[in-house]
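In structure tokens:
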């Protein structure tokens, strides 16, 4: 797989521990604030969550909305493209549900 | 998603840049030697490929065979579980094929 091949490029965007989990948390939770996302994805640090959200925004998978509340309120939602990617991830989630006990516990 | 939730645990196994690409290279290439895998997955270092293959073996997604040739010949193939995971990855590959041009070029 050449670096420019589609799957190779996609793994450059979501090929890390947190991107898929953040996408799924947004898919399952609808519009979500950063604090909710941190609770939704156990183990993600604030820095990693911020970097992940920014990368997903860069690729128009996630959109960010700012409300002029005091303090300001920032929330994230999946874009249509992000929803499409989550649909493509559904079989992987189903596989995980069926096979998780076969995976060795780290 | 709790750390013990299936998808969270699966991302602990394949949530990195190379695991999915190595699985796909094995799926597309059948039984494959390390040198072939390095050529098949552009950009992967020998160290990263070795670590990835070992982790995929640990989780019985890949099996390793050693032939007593001179020098010794080592080849890798997907296990049934690995083939099942690749089938679950197929929609993600299809999504990438359709949407790769939408992804921002890094």
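Protein chains in written order, with full-length UniProt numbering: chain A, 1 to 106; chain B, 1 to 106.
Ideal Cβ positions, reconstructed from N, Cα and C, are used throughout, including at glycine.
All of these numbers come straight from a predicted model, not from anything done at the bench.
#1: State the beta-bridge partners of residue 74/A as determined by DSSP.
#2: For the alpha helix (DSSP H) containing residue 98/B, name the first residue and the last one.
#3: Residues of chain A with a CB under 7 Å from the CB of residue 11/B: which are they?
#4: Any beta-carbon of chain B closer than 8 Å to the one on residue 84/A?
#5: Give me, in chain order, the residues of the same chain whose beta-carbon lies closer than 7 Å to that of residue 48/A; leave out the 5 immediate sequence neighbours on both sides.
#6: Should residue 62/B be flagged as near chain A, meaning a C-beta pair shorter than 8 Å?
#7: I'd like to know if residue 30/A contacts chain B, where contact means its C-beta is closer than 8 Å to some C-beta of that chain.
#8: Can you pull the chain B neighbours of residue 1/A, defined as C-beta to C-beta under 8 Å?
#9: Are there three or more Cβ pairs, one per stretch, closer than 8 Å when the stretch 78–93 of chain A is compared with the stretch 34–42 of chain B?
#10: Could you have a look at residue 33/B and say whether DSSP puts it in helix, strand or coil?
#11: What's the gap between the Cα of residue 8/B and the Cα of residue 2/B?
#12: Applying the 10 Å Cβ sphere with the 16-neighbour rule, what's the burial state of residue 87/B?
Concretely, from the data shown:
#1: For residue 74/A, which the question treats as bridged, DSSP gives the partners 66/A.
#2: Here the alpha helix (DSSP H) through residue 98/B covers 80–99.
#3: 17, 20, 21
#4: yes
#5: So the list reads 18, once near-sequence residues are dropped.
#6: no
#7: no
#8: 21, 24, 25, 40, 41, 42
#9: no
#10: strand
#11: Approximately 7 Å between the Cα atoms of the pair.
#12: exposed
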